[in-house]
Amino acid sequence: MAFAGWPAEALEFYEGLEADNTRSYWLAHREVYETQVRGPMDELLAELAPEFGEPKVFRPYRDVRFSKDKSPYKTAIAARLGDGYVQLSARGLAAGTGMYQMAPGQLERYRQAVAADVPGGELQRVVSAIRERGIEVHGREVLKTAPRGFPADHERIDLLRCKGLIAWQEWPAAAWLGTPEARQRVAGFLTAARPLAHWLADHVGPPAEAERRSR
Numbered sequence: 000m001a002f003a004g005w006p007a008e009a010l011e012f013y014e015g016l017e018a019d020n021t022r023s024y025w026l027a028h029r030e031v032y033e034t035q036v037r038g039p040m041d042e043l044l045a046e047l048a049p050e051f052g053e054p055k056v057f058r059p060y061r062d063v064r065f066s067k068d069k070s071p072y073k074t075a076i077a078a079r080l081g082d083g084y085v086q087l088s089a090r091g092l093a094a095g096t097g098m099y100q101m102a103p104g105q106l107e108r109y110r111q112a113v114a115a116d117v118p119g120g121e122l123q124r125v126v127s128a129i130r131e132r133g134i135e136v137h138g139r140e141v142l143k144t145a146p147r148g149f150p151a152d153h154e155r156i157d158l159l160r161c162k163g164l165i166a167w168q169e170w171p172a173a174a175w176l177g178t179p180e181a182r183q184r185v186a187g188f189l190t191a192a193r194p195l196a197h198w199l200a201d202h203v204g205p206p207a208e209a210e211r212r213s214r
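Counting in numbering that gives the first Met the number 0, the sequence shown runs from 0 upward without gaps.
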């Protein structure tokens with residue numbers, strides 16, 4: 000079926016799950032999740048995958064082994080789409096791309112590229128262009144001072160202090176969410192933010208562990 004948006008029942012499902020995050024609630028509303036939440040997400044990903052890459056919907060269950068919060072279920076459905084990320088919750092729709100958390104080797108490559116004139120200047124232009132589209136670009140974790148070995152007055156010190164870099168956009172729930180316009184918003188974001196994903200792929204790349212596994 001063609002993607003037609005998410006019905007109001009999808010948001011109501013997550014409102015209920017936030018209030019009652021229990022196995023009994025989940026089992027009682029499992030069909031709503033499968034048909035009104037997961038179904039539209041699968042349709043959206045199937046339509047966008049040819050342009051943006053392989054999709055993967057994340058599990059709805061939380062990993063509570065090392066968490067004080069033992070709530071068993073995630074209160075949002077999320078999926079990876081190539082280099083991008085899509086999320087639906089009771090509050091609405093969100094999309095992102097970038098590197099949320101860099102491994103030590105990635106962070107070193109990132110900083111060296113940002114500090115260099117050509118790739119660093121390119122990233123600065125990419126970030127500015129994305130922000131001009133009304134999309135946030137920010138670091139997951141930002142140092143208060145310059146990283147060791149880099150001058151505090153570097154012209155791209157704001158980027159050098161980031162330990163991760165993502166583009167992110169949120170759309171509060173409204174009537175459009177139940178229409179194909181939701182697809183247009185996600186596709187528009189991924190297109191606008193694609194240059195950031197490409198820069199990171201070219202100059203940072205995967206963590207060393209992933210590089211070793213691919214050999």
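Don't be surprised by glycine CBs; every beta carbon is placed ideally from N, CA and C.
For K73, the nearest candidate out of F51, F12, A181 (CA to CA): As a position in the sequence shown, residue 73 is number 74, starting the count at 1. Comparing Cα positions, the closest option is F12.
Opening and closing residue of the beta strand (DSSP E) in which M98 lies: Translated into positions along the sequence shown, residue 98 becomes position 99. Where M98 is concerned, the enclosing beta strand (DSSP E) stretches over 91-98.
Residue interval of the alpha helix (DSSP H) (run including V203): Within the sequence shown, numbered from 1, the residue matching residue 203 stands at position 204. Here V203 belongs to no alpha helix (DSSP H), and DSSP marks it neither H nor E.
Within the stretch 62-125, ranges of the alpha helix (DSSP H) (whole runs, at least 4 residues): 103-114
Cross-strand partners of A27 (DSSP beta bridge): Position 28 of the sequence shown, counted from the start, is the residue given in the question as residue 27. Among the bridge pairs identified by DSSP, A27 is matched with none.
Given R297 as reference, the closest of R139, N20, V85, G95 once Cα atoms are compared: The first residue shown for the chain is 0 and the last is 214, placing residue 297 beyond what the model contains.
Straight-line Cα distance separating H153 from A209: As a position in the sequence shown, residue 209 is number 210, starting the count at 1. As a position in the sequence shown, residue 153 is number 154, starting the count at 1. Its pLDDT being 48, under 50, A209 is placed unreliably by the model, and nothing is read from it.
Residue closest to I76, alpha-carbon to alpha-carbon, out of S66, D82, A94: As a first step, residue 76 must be located in the sequence shown, where it is residue number 77. For the residues S66, D82, A94, the minimum Cα distance to I76 belongs to A94.
Per-residue DSSP class, three states only, for W5: Numbered from its first residue, the sequence shown carries residue 5 at position 6. If DSSP states are grouped into helix, strand and coil, W5 belongs with coil.
Pairwise C-alpha distance: G4 and W175: The residue you call residue 175 lines up with position 176 of the sequence shown. The residue you call residue 4 lines up with position 5 of the sequence shown. The alpha-carbon atoms of W175 and G4 are separated by roughly 8 angstroms.
Beta-bridge partners of I129, as assigned by DSSP: The count along the sequence shown starts at 1 and reaches residue 129 at position 130. Paired residues: none, contrary to the question.
Counted within 10 angstroms of its Cβ, other Cβ atoms place F65 as buried (16 or more) or exposed: For the purposes of this step, residue 65 is taken as residue 66 along the sequence shown, with counting starting at 1. The residue is exposed, with fewer than 16 neighbouring Cβ atoms inside 10 Å.
8 angstroms CB neighbourhood of A7 in its chain, flanking five on each side removed: On the sequence shown, residue 7 is found 8 positions in, with the first residue counted as 1. Closer than 8 angstroms at the Cβ level, and outside the excluded window around A7, lie G177.
Separation of V126 from D62, as counted between CA atoms: Along the sequence shown, one-based indexing puts residue 62 at 63. Along the sequence shown, one-based indexing puts residue 126 at 127. Roughly 33 angstroms separates the two Cα atoms.
The stretch 20-34 / the stretch 89-107 touching (three or more Cβ pairs under 8 angstroms): no
Segment contact, 8 angstroms Cβ cut-off, at least three pairs: the stretch 85-94 with the stretch 111-124: no
Assigned secondary structure, H153 (DSSP; H/G/I helix, E/B strand, else coil): As a first step, residue 153 is located in the sequence shown; it is residue number 154 there, counting from the start. Reduced to three states, the DSSP call for H153 is coil.
Same chain, Cβ closer than 8 angstroms to Q35, five either side skipped, listed in chain order: Within the sequence shown, the letter at position 36 stands for residue 35. Excluding positions up to five away in sequence, the list reads W5, P6, E8, A9, F12.
Beta-carbon contacts of F149 that lie in its chain and below 8 angstroms, excluding the five residues immediately before and after: Stepping through the sequence shown from its first residue, residue 149 is reached at position 150. The answer, listed in chain order, is R110, A114, I156, L159.
Buried versus exposed call for Y60 [16 or more other C-beta atoms within 10 Å across all chains shown]: Translated into positions along the sequence shown, residue 60 becomes position 61. Answer is exposed; the Cβ neighbour count stays below 16.
Alpha-carbon spacing of T21 relative to G15, whole angstroms: Along the sequence shown, read from residue 1 onward, the residue named residue 21 stands at position 22. Along the sequence shown, read from residue 1 onward, the residue named residue 15 stands at position 16. Computed Cα separation, rounded: 10 angstroms.
Proximal residues to M0 (C-beta, below 7 angstroms), its chain only, five neighbours per side dropped: Along the sequence shown, one-based indexing puts residue 0 at 1. Cβ within range, chain order: E42.
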